[in-house]
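What follows is a single structure, written as structure tokens, with notes after it.
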Amino acid sequence: MRTVGIIAEYNPFHNGHQWQIKKARELSGCDYVICVISGSFVQRGEPAVFDKWKRAEMAVRGGADLIIELPVVWAVRSAQYFATGGIRLLKALGIVSHVCFGAEHADLSVLWPVARAIDDSQTMNVFHSNLKAGQPYAAALSNAIQSSQHIPPTVLNQPNNILAIEYLRAISKFAPELLPLAIGRQSASHHAALISGSLSSAKAIRNVLAAGSVTAIKQAVPPATYRIVEDLLATQRGPACRARLDNLLLGRLRTALPADIEQLPDVSEGLQFKILAAALEAGNQQELLAAMKSKRYPATRLQRILIHALLGMTKSTIAQFDQTGPLYARVLAFNDNGRQLLKKISRNASFPVITKTTRHLNSTSRHRPALSMLQQLLALDTLATDIFSLSLPSAPWTAGGWDFRQPPFYLADAGSASTSVYNGKGK
């Protein structure tokens, strides 16, 4: 039962993702594919375009066997921690042999030296000097690696390369037994904003959806994804919109103390005062971000800070979970192969497999003190879903408590009926 893992967002699932799953099977020789995906919020600090169950369904219908949620503690972090959370989760499943990821430069002989150089003392010295000189984090690190290792700038200027390097770094530190497979990017540029044929970027697809159109994405997504998206738009279950969280966010910030904001991850050097001042003047998130943005604090970092504020995540919160790593495998979707994987994971994993949230936490108990570490982590994921629901177009989808009602999606073999009810013995 050879298994390859993929860490992704599927925001939303498109043709490039389907191609990667197929290629991962071919290159690894594995029979099964497990995907770890972001849940309600994505790495850029935005609500996912659709809820995690529907995005997981798209992936299973697109060729994956089992979809597991990456807890929000790692999903809404910088590339380093996003990659670390995903790799540690895959390792803890106890059955994954390979990890597949996309990159603009898919040559591991180029990427491995960069991954090793990041933790080199010479590189770190230059990196910290760059930070003190006012360079943004990503630029400071990229420039430090280039100066100490003479790596071509093109390798470090591409987002998928950066993430690939962080996967390798995490594998080296936490899961050296996992075999990495890098695949050249087959879709449009990560930042491409327009639909460009059958291989278009997720960003371009989101832009079209935000404009209220669906037919324009038909060529860029698998047929199953298109049908799901059509239904989601018709029933007002998506797309999510960050602006719908404006009042909630501004209210949270305007009632906070400087000490509260200072405890948010990535807040340093007096940024808390700038955030609070901007929150008093801004009428929405767009104005808030415009007032705070600088070379030192790019928009994505600030957006993550705002999501952390909504979730009440603090520096101490993430520090304790960075110590423990992921504490469960939260199942979002699976097929019949995935059902077999779940049985094997239950025997081999170093943590519980969760198919029914209420066996570990319910909407009442999550507010009680003295929760276990697992319950605290799960409580953050459920809170993220409750806040995410407010970014959806209309009721009934804006109601909370999804995590306590929604079962994993199950795709039966051809000839059998698909269902969203899991009848196994998951914990």
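Taking the UniProt record's numbering, the leading residue of the sequence shown gets 1, the next gets one more, and so forth.
The C-beta atom is built at its ideal place from N, Cα and C for all residues, glycine as well.
Residues sharing a beta bridge with residue i, DSSP
{"i": "ARG330", "result": "GLU69 and ILE354"}
{"i": "PRO180", "result": "VAL99"}
{"i": "VAL33", "result": "VAL4"}
{"i": "PHE321", "result": "Looking at the DSSP assignment, PHE321 forms no beta bridge with any residue, so it has no partner."}
{"i": "SER38", "result": "LEU70"}
{"i": "PRO47", "result": "PHE41"}
Close Cβ partners of residue i (< 6 angstroms) along its chain, the five nearest in sequence each way excluded
{"i": "ALA103", "result": "ASN160, ASN161, ALA164 and ALA182"}
{"i": "TRP236", "result": "Trp is not the amino acid found at residue 236; the sequence shown has Gln there. For GLN236, where only same-chain residues beyond five positions count, the Cβ hits under 6 angstroms are PRO393 and SER394."}
{"i": "ASP413", "result": "ASP336"}
{"i": "GLY401", "result": "SER363"}
{"i": "THR357", "result": "ASP403 and PHE404"}
Local Cβ density within 10 Å of residue i, reported as buried at 16 or more and exposed below that
{"i": "LYS295", "result": "exposed"}
{"i": "PRO258", "result": "exposed"}
{"i": "MET292", "result": "buried"}
{"i": "GLY325", "result": "buried"}
{"i": "ASN337", "result": "buried"}
{"i": "LEU342", "result": "buried"}
{"i": "MET58", "result": "buried"}
{"i": "LYS132", "result": "exposed"}
{"i": "HIS367", "result": "exposed"}
{"i": "GLY134", "result": "exposed"}
{"i": "VAL421", "result": "Reliability of the predicted coordinates at VAL421 is poor, the pLDDT of 43 falling under 50, and the value obtained from them is presented with this limitation in mind. The residue in question, VAL421, is exposed, as its Cβ has fewer than 16 Cβ neighbours within 10 Å."}
{"i": "LYS425", "result": "With a pLDDT of only 43 at LYS425, under 50, the local geometry of the prediction cannot be trusted, and the value read off the model is given with reservation. With fewer than 16 other Cβ atoms within 10 Å, it is exposed."}
{"i": "MET313", "result": "buried"}
{"i": "residue 436", "result": "Because the chain spans 1 through 427 in this model, residue 436 falls outside it and cannot be assessed."}
{"i": "ASP107", "result": "exposed"}
Residues near residue i by beta carbon distance below 8 angstroms, same chain, minus five either side
{"i": "LYS22", "result": "GLY63"}
{"i": "PHE6", "result": "Residue identity differs from the one stated: residue 6 is Ile in this sequence, not Phe. Within the same chain, ILE6 has close Cβ partners GLN20, ILE21, ALA24, VAL33, ILE34, CYS35, VAL36, ALA64, VAL99, CYS100 and PHE101."}
{"i": "LYS218", "result": "TYR226"}
{"i": "ARG206", "result": "ASN11, PRO12, VAL49 and PRO239"}
Residue i vs residue j beta-carbon contact at 7 angstroms
{"i": "ALA282", "j": "LEU276", "result": "no"}
{"i": "SER363", "j": "PHE388", "result": "no"}
{"i": "residue 431", "j": "THR84", "result": "It is not possible to answer for residue 431, since the shown part of the chain is limited to 1 through 427."}
{"i": "GLU9", "j": "ARG330", "result": "no"}
{"i": "ASP381", "j": "PRO12", "result": "no"}
{"i": "ALA333", "j": "PRO223", "result": "no"}
{"i": "residue 431", "j": "ALA279", "result": "Nothing in the structure corresponds to residue 431, since the chain is present only between 1 and 427."}
{"i": "ILE307", "j": "PRO265", "result": "no"}
{"i": "LEU390", "j": "GLN375", "result": "no"}
{"i": "PHE127", "j": "LEU111", "result": "no"}
{"i": "VAL208", "j": "GLU230", "result": "no"}
{"i": "SER28", "j": "VAL49", "result": "no"}
{"i": "LEU383", "j": "LEU302", "result": "no"}
{"i": "PRO47", "j": "ARG242", "result": "yes"}
{"i": "ALA175", "j": "ILE87", "result": "yes"}
{"i": "ARG2", "j": "SER109", "result": "no"}
{"i": "SER200", "j": "ALA216", "result": "no"}
{"i": "THR315", "j": "ILE95", "result": "Strictly speaking, residue 315 in this sequence is Lys, with Thr absent from that position. In this structure, ILE95 does not lie closer than 7 angstroms to LYS315 by Cβ."}
{"i": "GLY45", "j": "VAL73", "result": "no"}
Candidates the options: closest to residue i by CA position
{"i": "LYS91", "options": "ASP381, PRO396 and ALA349", "result": "ALA349"}
{"i": "ARG185", "options": "LEU377, MET373, ASN15 and PRO396", "result": "ASN15"}
{"i": "GLY212", "options": "ALA399, ALA220, ALA240 and THR225", "result": "ALA240"}
{"i": "GLN149", "options": "TRP53, HIS17 and ASP120", "result": "ASP120"}
{"i": "LEU232", "options": "GLN18, TRP53 and ARG2", "result": "TRP53"}
{"i": "TYR81", "options": "VAL42, LEU108 and ASP386", "result": "VAL42"}
{"i": "GLN146", "options": "ALA133, LEU168 and THR123", "result": "THR123"}
{"i": "ASN247", "options": "ALA216, GLN285, ALA234 and GLN263", "result": "GLN285"}
{"i": "VAL155", "options": "SER172, GLU262, PRO113 and ARG206", "result": "PRO113"}
{"i": "ARG61", "options": "ILE228, ILE151 and ALA106", "result": "ILE228"}
{"i": "LEU178", "options": "ARG244, LEU93, SER198 and THR398", "result": "LEU93"}
{"i": "ASP386", "options": "GLN320, GLN18, CYS30 and SER40", "result": "SER40"}
{"i": "ARG244", "options": "GLN340, CYS30, TRP74 and THR398", "result": "THR398"}
7 angstroms Cβ shell around residue i - same chain, five flanking residues per side excluded
{"i": "TYR297", "result": "LEU271"}
{"i": "ASN130", "result": "ALA140, ASN143 and ALA144"}
{"i": "LYS274", "result": "MET292"}
{"i": "ALA79", "result": "ILE162, LEU163 and GLU166"}
{"i": "LEU371", "result": "ALA379"}
Near the ligand SAH: residue i beta-carbon under 6 angstroms from a heavy atom
{"i": "ARG44", "result": "In terms of ligand content, the structure shown is empty, and the ligand SAH therefore cannot be addressed."}
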